[in-house]
Amino acid sequence: MCNRFVGTWKLISSENFDDYMKELGVGLAARKLGGLARPDVIISMKGDIVTIRTESTFKNTAISFKLGQQFDETTADDRKVKSVVTLEKGSLVQVQKWNGKETTIKRRLVDGKMVVGWGIHNFSG
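If you read the sequence shown in the working numbering, its first letter stands for residue 11, the second for the next number, and so on.
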């Protein structure tokens, strides 16, 4: 399952994060702060519940979920979204949907380090 993700990770790479925040309408100052943040990502499991905590000097967040099951989430930028996290090809893939938009956050491990990729898409449904 996602046991290999359990632990504390120092984010070393956040691919497309500035473009992602820009598309979400995040202002320049907040984007610059967010881009500088290199948070700790703490992933734990209790039974079939996965918890992802993100801790930085900018903001702390936490989500708990079961893989493949939709849950309500309030994002770091205060969006109210419906999220689903799945395990795909060795990556934790989180899809958030709200107001006709969809974002994808892909967490993967590369050489013992966590890399996160960000994407935003318009969708119809």
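Built from N, CA and C at the ideal position, the CB exists for glycine as well.
Any idea which residues DSSP pairs residue i with across the strands?
{"i": "residue 72", "result": "63"}
{"i": "residue 106", "result": "93, 113"}
{"i": "residue 56", "result": "59"}
Taking the alpha carbon of residue i as the point to measure from, which residue in the options has its own alpha carbon closest?
{"i": "residue 88", "options": "35, 78, 129", "result": "35"}
{"i": "residue 129", "options": "116, 90, 84", "result": "116"}
{"i": "residue 70", "options": "123, 84, 77, 111", "result": "84"}
{"i": "residue 131", "options": "120, 106, 124, 123", "result": "106"}
Compare the beta carbon distance of residue i and residue j with 8 Å and say whether it is the shorter of the two.
{"i": "residue 16", "j": "residue 53", "result": "yes"}
{"i": "residue 50", "j": "residue 65", "result": "yes"}
Within the continuous beta strand (DSSP E) that includes residue i, where are the two ends?
{"i": "residue 17", "result": "17-20"}
{"i": "residue 84", "result": "81-84"}
With a threshold of 16 other CB atoms inside 10 Å of the CB of residue i, please say whether the residue is buried or exposed.
{"i": "residue 95", "result": "buried"}
{"i": "residue 62", "result": "buried"}
{"i": "residue 80", "result": "exposed"}
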